[in-house]
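2 protein chains.
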Amino acid sequence: MKQKVSIVKIGGNLIENETILDEFISNFAELEGPKVLIHGGGKLATQLAGKLSIPTQMIEGRRITDAETLKVIIMAYGGLASKTIVAKLQGKNCNAIGLSGADLNLIRSVKRPVKEHDFGFVGDVEEVNTGALTLLLENDITPVCCAITHNKNGQLFNTNADTIASEIARALSNHYETHLYYCFEKRGVLRDLKDEDSVIEQINAASYKQLLGEGIIADGMLPKLHNCFNALKENVSYVYIGSIDMISNRQTKKTTITL
Amino acid sequence: MKQKVSIVKIGGNLIENETILDEFISNFAELEGPKVLIHGGGKLATQLAGKLSIPTQMIEGRRITDAETLKVIIMAYGGLASKTIVAKLQGKNCNAIGLSGADLNLIRSVKRPVKEHDFGFVGDVEEVNTGALTLLLENDITPVCCAITHNKNGQLFNTNADTIASEIARALSNHYETHLYYCFEKRGVLRDLKDEDSVIEQINAASYKQLLGEGIIADGMLPKLHNCFNALKENVSYVYIGSIDMISNRQTKKTTITL
Chain L
1 MKQKVSIVKI GGNLIENETI LDEFISNFAE LEGPKVLIHG GGKLATQLAG
51 KLSIPTQMIE GRRITDAETL KVIIMAYGGL ASKTIVAKLQ GKNCNAIGLS
101 GADLNLIRSV KRPVKEHDFG FVGDVEEVNT GALTLLLEND ITPVCCAITH
151 NKNGQLFNTN ADTIASEIAR ALSNHYETHL YYCFEKRGVL RDLKDEDSVI
201 EQINAASYKQ LLGEGIIADG MLPKLHNCFN ALKENVSYVY IGSIDMISNR
251 QTKKTTITL
Chain V
1 MKQKVSIVKI GGNLIENETI LDEFISNFAE LEGPKVLIHG GGKLATQLAG
51 KLSIPTQMIE GRRITDAETL KVIIMAYGGL ASKTIVAKLQ GKNCNAIGLS
101 GADLNLIRSV KRPVKEHDFG FVGDVEEVNT GALTLLLEND ITPVCCAITH
151 NKNGQLFNTN ADTIASEIAR ALSNHYETHL YYCFEKRGVL RDLKDEDSVI
201 EQINAASYKQ LLGEGIIADG MLPKLHNCFN ALKENVSYVY IGSIDMISNR
251 QTKKTTITL
């Protein structure tokens, strides 16, 4: 029987609030067995770019990463967010290590091809270094991964954190029983955005199509669920969407995604 | 016979210049055997603090690290400098990993006690995690360490990069024959600051006293040499001061420090 590994992604909006971050850190540190944390840091980068008077350019809700914006992202995600989380986890006796995709050649990507738009220094994941992750996990080390990848030729790239979580879970699925948790502001996928109690507790491929048709799954939830199903198709064992409470032992509603 | 390990510290002034950094990266990547890189990033932090309108407060030539300045240092050293160096090393097939003292609990420190002055979030090194460093080195991984430490209780600290290099060399001296290189702008300790060719090729404890008396060693060179002698007293095998050329196979003058 394969050993269980927990891959937990926490959204950038959550880590900005120190109270919520500290609560999450406690929950995560107590999680038993090998585990990986993937964090965003979206607003942190936007705030820093603002203070530095670097304009945030968006196309269809997606950030364009020019050279100056990339530096901001490296500083905010790879520096401040990463080291703050690692120091807090070490304070809870969780032997964490902060990593970008360049560290240990963990995640190699290619620049997103220019089609209709040029998103700049954005990388599409090509390969996860499973050996490096396994070496760390087998030594009771907890990787804390930020949403930065590289091309193995000196260039760093901004990459979607949900995708990184899904790719890491896929890569580990040959060696482990993988449990992928997407933590965000809500308690799960909601049937009615105005009703926090309307969590849809199970979504499978069939009900997903139906929810899409009804317009219940839309906007930011679309790429998230796309990543969930991709992960399940590539042998990730379990995928969950919910609040930071779902990784603690407290009973809480969450959305479980299955094929 | 113990295996040789090279511990190389590169100053912040050098890594700002991309041409010099790239030359250093090539030299460092070609260095044979296990190795550790320690980098500063001084001006990068000062520039970023300036752009963010965070005043740089200095006492007797030393930076005061208030909460906002600490964030800047984490972003500049732990983020931009670290990840840029790691990505470049990976591009040269050197399996680098960027670390602060919090990562793997690598360097635990305590806040510098307030005596005459309060330097703020500045940490004095208490313990280097030799086991963690050895695990990496034995797996052909090259640690790239920035000048940030932690108190194992969630707090990060700014720490002098020369000191970190010296402490890491000391910690590794039980397992390895340690060669500690301090790379800076000059070709070594100069007898005459205006004459780049006046490198003092050997300094030992006796000649050090004499050079101090003559006023030839002064200012920034004082703490650097203090670190060198401390390292040698704690079983570091060799300590060198010189330019980035000294770690390549090219013949070049450098200063060798002995007891």
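Protein chains in written order, with full-length UniProt numbering: chain L, 1 to 259; chain V, 1 to 259.
Note that the Cβ used here is the ideal one computed from N, Cα and C, for glycine as well.
Identify, in the order they occur along the chain, each residue of the same chain with its Cβ nearer than 8 Å to the Cβ of residue i, setting aside the five sequence neighbours on each side.
| i | result |
| --- | --- |
| N204(V) | I257, T258 and L259 |
| V110(V) | G123, D124, E126 and N151 |
| I20(L) | L14 and I244 |
| V102(L) | According to the sequence provided, residue 102(L) is Ala. The question's Val does not apply to it. The residues are I148, T149, H150 and L156. |
| L232(V) | V239, I257, T258 and L259 |
| E23(V) | I244 |
Round the Cβ separation of residue i and residue j to the nearest angstrom and send it over; I've been treating them as touching at under 8 Å.
| i | j | result |
| --- | --- | --- |
| G131(V) | S100(V) | That pair is no contact at about 17 Å. |
| T142(L) | V36(L) | 7 Å |
| L89(L) | A29(L) | 6 Å |
| G242(L) | G188(L) | 5 Å |
State the start and end residues of the unbroken alpha helix (DSSP H) segment that holds residue i.
| i | result |
| --- | --- |
| A67(V) | A67 to I73 |
| T258(L) | That residue, T258(L), is in no alpha helix (DSSP H); it is neither H nor E in DSSP. |
| I85(L) | S82 to G91 |
| G12(V) | G12 to I15 |
| residue 269(L) | Residue 269(L) falls outside the range modelled here, since chain L spans only 1 to 259, and no answer is possible. |
Return the chain-ordered list of same chain residues with a C-beta closer than 6 Å to the C-beta of residue i, the five sequence neighbours on each side being excluded.
| i | result |
| --- | --- |
| L211(L) | I217 |
| S248(L) | N27 |
| N235(V) | S173 |
| Q3(V) | Y176 |
| C183(V) | I10 and I244 |
| V86(V) | A96, G98 and V144 |
| I64(L) | Q57, F119 and G120 |
| E167(V) | V125 and V128 |
| A76(L) | G41, L44, A45 and L48 |
| I38(V) | K9, C145, A161, I164 and A165 |
List the endpoints of the continuous beta strand (DSSP E) containing residue i.
| i | result |
| --- | --- |
| S109(L) | I107 to K111 |
| A102(V) | Where A102(V) is concerned, there is no enclosing beta strand (DSSP E), given that its DSSP letter is neither H nor E. |
| K35(V) | K35 to H39 |
| G123(V) | G123 to V128 |
| Y77(V) | Careful: Y77(V) lies outside any beta strand (DSSP E) and carries neither H nor E. |
| V241(L) | The residue you asked about is not Val; residue 241(L) is Ile in the sequence shown. Per DSSP, I241(L) belongs to the beta strand (DSSP E) from Y238 to G242. |
Once you ignore the five residues that flank residue i on each side, which residues in its own chain have a CB closer than 7 Å to its CB?
| i | result |
| --- | --- |
| I74(V) | I148 and L156 |
| K92(V) | I25, S26 and A29 |
| T134(L) | H175 |
Given the structure, does residue i come close to the ligand HEM, in the sense that its CB is under 8 Å from one of the ligand's heavy atoms?
| i | result |
| --- | --- |
| I97(V) | Among the components of this structure there are no ligands whatsoever, and the ligand HEM is therefore not found. |
Ranges of the alpha helix (DSSP H) found wholly within the region 137-224 of chain V, counting only runs of at least 4: 161-172 and 205-213
What are the residues of the region 84-102 of chain L that lie near chain V, defined by any Cβ-Cβ distance shorter than 8 Å? T84, V86, A87, K88, Q90, G91, N95, A96, I97, G98, L99, S100 and A102
Using a beta-carbon distance cut-off of less than 8 Å, what residues from the region 131-153 of chain V approach chain L? Listed by position, the residues of the region 131-153 of chain V near chain L (Cβ gap below 8 Å) are L135, N139, I141, I148, H150, K152 and N153.
Please name the residues in the region 148-182 of chain L whose beta-carbon is closer than 9 Å to at least one beta-carbon of chain V, in chain order. I148, H150, N151, K152, N153, G154, Q155 and L156
Taking beta-carbon pairs under 8 Å, can you tell me which members of the region 57-75 of chain V lie near chain L? K71, I74 and M75
Chain-ordered residues of the region 32-55 of chain L with a beta carbon less than 7 Å from chain V: K51 and L52
For the region 197-220 of chain V, which residues have a CB atom closer than 7 Å to at least one CB atom of chain L, in sequence order? Cβ contacts with chain L come from no residue of the region 197-220 of chain V.
Cβ-based contacts, 8 Å cut-off: residues of the region 2-23 of chain L near chain V: none
Closer than 8 Å, Cβ to any Cβ of chain L: which residues of the region 113-126 of chain V, in chain order? none
Against chain L: residues of the region 228-244 of chain V by CB proximity under 8 Å: none
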